[in-house]
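Visitor: Below is a structure I'd like to ask you about.
Residue numbers (this note's numbering), protein chains in the order written: chain W, 36 to 148; chain Z, 5 to 119.
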């Protein structure tokens, strides 16, 4: 069966420090991968998605970047964190077959101080 | 642009009641609709996935219906329990967003089931 792993679960980082969040998927190949952010009391905002290795699409301009160095690995990064980057970050995967649903990771709570 | 709305935004019911959560969407060109549950500080757990050609799906005490032509879905929870307390999100997978087919999420319904 397919599983998705996301880490770390929580992270407290000072302003201006770098960020790296990792997400991996097991049990499938060539998944579509997604990074979402959920600010406190707000809805889910799609940040990046990828349909293949090295293929990254950005939904909103921001202080973050994403990379997909391997088929089942998706990384969210920042060179210098801002206070506004605080939030709950969720990774998700879906099949390229459009009748599939999405499966989400357990999330990373990022607090920038 | 697809918009997804959920009513009510919050709901509190006593244990044992049957309840209905509503989800409406503006564009019926969808592949499927998915209901999720989110506990505080946790990720999203998929509850039910309904394809556009289906009318309903059932899992245990949960039943989700889909009326694509009217842009509506309902999630029915039978015999509610305190453990059902969570935020419930619906999301549609639109047809017109390319191979990535990005989900559009609703605003969520926060459910509290009291003893």
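Beta carbons are placed, not taken as given, at the ideal position from N, Cα and C, and that holds for glycine.
Give the range of the beta strand (DSSP E) segment to which residue 8 of chain Z is assigned.
Guide: Mapped onto the second chain, residue 8 of chain Z falls at position 4. Unbroken beta strand (DSSP E) run through residue 8 of chain Z: 8–11.
Visitor: If you follow the beta strand (DSSP E) that residue 76 of chain Z is part of, which residue opens it and which one closes it?
Guide: As a position in the second chain, residue 76 of chain Z is number 72, starting the count at 1. Where residue 76 of chain Z is concerned, the enclosing beta strand (DSSP E) stretches over 76–81.
Visitor: Considering only the beta carbon of each residue, do residue 45 of chain Z and residue 140 of chain W sit closer than 8 Å?
Guide: Stepping through the second chain from its first residue, residue 45 of chain Z is reached at position 41. Stepping through the first chain from its first residue, residue 140 of chain W is reached at position 105. No, these two residues do not count as a Cβ contact at 8 Å.
Visitor: Taking the beta strand (DSSP E) that residue 73 of chain W belongs to, which residues open and close that run?
Guide: For the purposes of this step, residue 73 of chain W is taken as residue 38 along the first chain, with counting starting at 1. That run of the beta strand (DSSP E) goes 67–73.
Visitor: Using a threshold of 8 Å, state whether the C-beta atoms of residue 25 of chain Z and residue 41 of chain Z are closer than that.
Guide: Taking the second chain and counting its residues from 1, one reaches residue 25 of chain Z at position 21. Taking the second chain and counting its residues from 1, one reaches residue 41 of chain Z at position 37. Cβ atoms of residue 25 of chain Z and residue 41 of chain Z: not closer than 8 Å.
Visitor: Using the C-alpha atoms, what's the distance from residue 62 of chain W back to residue 143 of chain W?
Guide: Reading the first chain from its first residue, position 108 is the one you call residue 143 of chain W. Reading the first chain from its first residue, position 27 is the one you call residue 62 of chain W. Cα to Cα, the separation comes out at about 22 Å.
Visitor: Measuring straight from C-alpha to C-alpha, what distance separates residue 49 of chain W and residue 113 of chain Z?
Guide: Indexing the first chain from 1 puts residue 49 of chain W at position 14. Indexing the second chain from 1 puts residue 113 of chain Z at position 109. About 34 Å.
Visitor: Buried or exposed, going by whether 16 or more other CB atoms sit within 10 Å of the CB of residue 8 of chain Z?
Guide: What you label residue 8 of chain Z is simply residue 4 of the second chain in a count that begins at 1. Classification for residue 8 of chain Z: buried.
Visitor: Closer than 9 Å, Cβ to Cβ, to anything on chain Z: give me those residues from the segment 86–105 of chain W, in chain order.
Guide: Answer set for the segment 86–105 of chain W: 86, 92 and 94.
Visitor: Distance cutoff 8 Å, beta carbons only. Does residue 107 of chain Z sit that close to anything in chain W?
Guide: The residue you call residue 107 of chain Z lines up with position 103 of the second chain. Yes, residue 107 of chain Z lies at the interface with chain W (some Cβ there is under 8 Å from its Cβ).
Visitor: Give me whichever residues DSSP pairs with residue 37 of chain W in a beta bridge.
Guide: As a working note, residue 37 of chain W is residue 2 in the first chain. According to DSSP, residue 37 of chain W bridges with nothing at all.
Visitor: Under a three-way DSSP split, which group does residue 116 of chain W fall into?
Guide: By 1-based counting over the first chain, the position of residue 116 of chain W is 81. Correct three-state label for residue 116 of chain W: coil.
Visitor: Determine whether the Cβ of residue 58 of chain Z lies closer than 8 Å to any Cβ atom of chain W.
Guide: Position 54 of the second chain, counted from the start, is the residue given in the question as residue 58 of chain Z. Chain W contact via Cβ: absent.
Visitor: What residues in its chain sit with their C-beta under 6 Å from that of residue 52 of chain W, if we drop five residues either side in the sequence?
Guide: In the first chain, residue 52 of chain W corresponds to position 17, counting from 1. Excluding sequence neighbours, residue 52 of chain W sits near 116.
Visitor: Looking only at DSSP bridge pairs, what is residue 36 of chain Z linked to?
Guide: As a position in the second chain, residue 36 of chain Z is number 32, starting the count at 1. Answer is Z:55 and Z:97.
Visitor: Whole angstroms is fine: what's the gap from residue 107 of chain Z's alpha carbon to residue 66 of chain W's?
Guide: For the purposes of this step, residue 107 of chain Z is taken as the residue at position 103 of the second chain. For the purposes of this step, residue 66 of chain W is taken as the residue at position 31 of the first chain. Taking the straight line from one Cα to the other gives about 15 Å.
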